[in-house]
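Chains as they are written, first to last, in the numbering used here: chain P, 1 to 113; chain X, 1001 to 1109. Glycine residues also receive a C-beta, built at the ideal position from the N, C-alpha and C atoms. Here's the structure we're looking at; comments come further down.
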Amino acid sequence: EPEVTQTPSHQVTQMGQEVILRCVPISNHLYFYWYRQILGQKVEFLVSFYNNEISEKSEIFDDQFSVERPDGSNFTLKIRSTKLEDSAMYFCASSPQGVQPQHFGDGTRLSIL
Amino acid sequence: RKEVEQDPGPFNVPEGATVAFNCTYSNSASQSFFWYRQDCRKEPKLLMSVYSSGNEDGRFTAQLNRASQYISLLIRDSKLSDSATYLCVGVYNNNDMRFGAGTRLTVKP
Chain P
1 EPEVTQTPSH QVTQMGQEVI LRCVPISNHL YFYWYRQILG QKVEFLVSFY NNEISEKSEI
61 FDDQFSVERP DGSNFTLKIR STKLEDSAMY FCASSPQGVQ PQHFGDGTRL SIL
Chain X
1001 RKEVEQDPGP FNVPEGATVA FNCTYSNSAS QSFFWYRQDC RKEPKLLMSV YSSGNEDGRF
1061 TAQLNRASQY ISLLIRDSKL SDSATYLCVG VYNNNDMRFG AGTRLTVKP
C-alpha cells in the first residue's frame, strides 16, 4: 500500500536555527498538509497546499513557517528561527481530493534545545 | 470558532464490551467527518468516514447527526488491540481538517 514518508524521524536543533522537515506524499495525491502535535496535546492543523500554493493555514502558521514543493515528489516545511515551543511531532499528510480522508506519514520528532 | 470537542476519557473496558464515543462540533458548515485512531507516539490512522446514514465496518459503527451536531463511534466486542486514542475529525473549507483532542480507550483482559 502506498504511504507518506517523512525524514528525518528525529531532528535535534539549537534554538534560533533553521530546520527543514521533508515529506514525500503519496504519488497520485493532489493535496498536502502539515500538522503538529505537542507531546500530550491534540493534533493541530498547520497548513494545506494545493496546486503549488497554500490553500489554508492556521493561526499557528506564522511568518516563521513556510512550505515548498521543490520538485515533483517532495513537500517541505521550513521553520526559519526555531523556538523552544516548536518542539513537537510534525506530521505530513496527503489526500487525493480536499474532502477525502488524509493519509499521514509517521512523523518527524523535532526537539529544540 | 471551528472546534471539535471530545470526552478525553479514559475509557477502561473489559474485552468483549461495547463502548461508544461521542464528539460534538460547533461549525455547522463542516463538510465531512472521520474517525482516526492514534497509538502512543504514532501517526493518526484513518479508521472510518462518517455519514449521516451511518456506516459500519465490522465491529465499528459511525454515525453523524447534523441536527444535533454530533458524531458517534460504537465499538462492539472490544479487543485488546482496540486500545488507542480515537480522534474525531471535521473538515472545513474543503481541506482544513480539525482534530478533537481524542478519547483514550484501554481494553483490559
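Where do the ends of the beta strand (DSSP E) carrying residue i lie?
| i | result |
| --- | --- |
| E85(P) | E85(P) -> no beta strand (DSSP E), and no H or E assigned at all. |
| N1055(X) | N1055 to D1057 |
| P1109(X) | Note, P1109(X): premise wrong, no beta strand (DSSP E); not H, not E. |
| K1045(X) | K1045 to V1050 |
| P1014(X) | F1011 to P1014 |
| Q1006(X) | V1004 to Q1006 |
Does the Cβ of residue i have 16 or more other Cβ atoms within 10 Å, making it buried, or fewer, making it exposed?
| i | result |
| --- | --- |
| N1012(X) | exposed |
| M15(P) | exposed |
| Q1038(X) | buried |
| S94(P) | buried |
| P1044(X) | buried |
| T108(P) | buried |
| I1071(X) | buried |
| G1058(X) | exposed |
| A1020(X) | exposed |
| E56(P) | buried |
Could you give the distance in angstroms between the alpha-carbon of residue i and the alpha-carbon of residue j?
| i | j | result |
| --- | --- | --- |
| L1046(X) | V1004(X) | 17 Å |
| A1017(X) | F1099(X) | 26 Å |
| R1066(X) | S1028(X) | 8 Å |
| F45(P) | D1082(X) | 25 Å |
| D71(P) | R1104(X) | 39 Å |
| S1078(X) | V1107(X) | 7 Å |
| Q123(P) | Q6(P) | Because chain P is modelled from 1 through 113, residue 123(P) falls outside the range shown and cannot be assessed. |
Cα-Cα, which of the options is closest to residue i?
| i | options | result |
| --- | --- | --- |
| F104(P) | H10(P), Y90(P) and L21(P) | Y90(P) |
| I79(P) | F61(P), S73(P) and C92(P) | F61(P) |
| L39(P) | S87(P), N28(P) and C23(P) | S87(P) |
| E1(P) | Q17(P), I20(P), V12(P) and P25(P) | P25(P) |
| P96(P) | F32(P), R109(P) and V43(P) | F32(P) |
| M1048(X) | K1042(X), N1093(X), G1058(X) and F1034(X) | F1034(X) |
| F75(P) | T82(P), D63(P) and L21(P) | L21(P) |
| G1090(X) | N1055(X), P1008(X) and T1024(X) | T1024(X) |
| N1095(X) | T13(P), Y35(P) and I112(P) | Y35(P) |
Members of the region 1046–1072 of chain X that neighbour chain C once the beta carbon cut-off is set at 7 Å: Annotation note: the requested chain C is absent from the structure, which comprises protein chains P and X.
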